[in-house]
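> The sequence shown begins at -10 in this note's numbering and counts up by one. I'd like to ask some things about the structure below.
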Amino acid sequence: MVSHGACRVGADPGIAPVKELAARYIDHTLLKPEGTRQQIEKLCKEAAEFEFASVCVNPTWVSYCSHLLRGTKVLVCTVVGFPLGANTTEVKAYETKQCVEQGACEIDMVINIGRLKSGEYDFIAHDIHAVVEAAHPAHVKVILENCYLTDEEKIKASLLSREAGAHFVKTSTGFGPSGAKIEDVALMRRVVGEQLGVKAAGGIREYDIASKMIAAGASRLGASASIAILEHRKAA
């Protein structure tokens, strides 16, 4: 059993590439702004039943999910600076600290896209590092929002994330013009090697696509259609 606000971070956050798709590599996700308490309850029940890696929810639901998932293996993941990444560093760090205190064990932060594209790399490094420090001992995934970036910017953002102490790089928020792409996952994995995890998220609704993301190097998937993906796996 875990008390409210306690973060159950294991020794292995699931960083290395995996061989095949399984529930334990999926963040069962509900980030739509109109999500209700009843939908959050359903999400947590499903996550406990299927033993997903985590539930990924908006910060307002972190405390409630931590309560619902007490005594299970499922972690609580939340988002910071979401979905635009344009909050100040101080606000991101404060939001992170509060979420961890309420029971979040994984923080998916959005990179400051405009500052990255402006070449302000010291700012980006500081922004990520501030969240990493505020999150400790929780793990941090840095959302690059690849749909807005060139390949060179994806590479630079991945390197900055690694240098700043993040645990994962992540493809997308799911709220941009496009989501995860197999070629982006492969690129990010080549850049970070096995030192960081790679999370693919955004538009992953079918087993075939999910399995290709894993084959390309993803060690975690974010999906709202998690159960349908697993059911398709059984039928494949």
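Backbone N, C-alpha and C define an ideal beta-carbon position, used for all residues, glycine too. Given the structure is predicted, the values throughout are model-derived calculations rather than measurements.
(1) Look up A189 in the DSSP assignment and say whether it is helix, strand or coil.
(2) Taking the straight line between their C-alpha atoms, what separation do you get for Y196 and L210?
(3) What does the alpha-carbon distance come out to for the pair S43 and P6?
(4) Three-state secondary structure (DSSP) at R209?
(5) Pairs of beta-carbons, one from the segment 143 to 159 and one from the segment 87 to 94, closer than 8 Å: are there three or more?
(6) Is the beta carbon of I96 less than 8 Å from the beta carbon of V120?
(7) Please give me, in chain order, every unbroken run of the alpha helix (DSSP H) with length at least 4 that falls completely inside the segment 40 to 127.
(8) Going by beta carbon distance, what residues of the same chain come within less than 8 Å of V174, once the five residues before and after it are set aside?
(9) Taking Cβ to Cβ, would you say S213 is nearer than 8 Å to L19?
(10) Go through the segment 155 to 189 residue by residue and report every complete run of the beta strand (DSSP E) that reaches 3 residues or more, in order.
(11) Helix, strand or coil: which one does DSSP assign to K201?
(12) Say whether the segment 102 to 121 touches the segment 44 to 57, bearing in mind that this needs 3 or more beta-carbon pairs closer than 8 Å, one atom from each stretch.
(13) Can you have a look at D231 and say buried or exposed, based on whether 16 or more other CB atoms are within 10 angstroms of its CB?
(14) So, with DSSP's three-state summary, where would you put K31?
With the given structure in hand:
(1) A189 falls in the strand class under three-state DSSP.
(2) So the alpha carbons of these two residues sit roughly 11 Å apart.
(3) Their backbone Cα atoms lie some 18 Å apart in a straight line.
(4) In this structure, R209 counts as strand in the three-state DSSP scheme.
(5) They do not touch, by the three-pair rule.
(6) In this structure, V120 lies closer than 8 Å to I96 by Cβ.
(7) Uninterrupted alpha helix (DSSP H) stretches at least 4 residues long and entirely within the segment 40 to 127 occur at 51 to 57, 78 to 90, 102 to 106 and 110 to 124, given in chain order.
(8) So the list reads T160, V187, A189, M202, A205, G206 and A207, once near-sequence residues are dropped.
(9) In contact: S213 and L19 (Cβ atoms closer than 8 Å).
(10) The beta strand (DSSP E) runs of length 3 or more contained entirely in the segment 155 to 189 are, from start to end of the chain, 157 to 159.
(11) Shown here, K201 sits in a helix according to DSSP, grouped into three states.
(12) Contact fails between the segment 102 to 121 and the segment 44 to 57, because fewer than three Cβ pairs, one in each stretch, are under 8 Å apart.
(13) In the structure displayed, the chain extends from -10 to 225; residue 231 sits before or after that span and is not available.
(14) DSSP places K31 in the helix class (H, G or I) of the three-state scheme.
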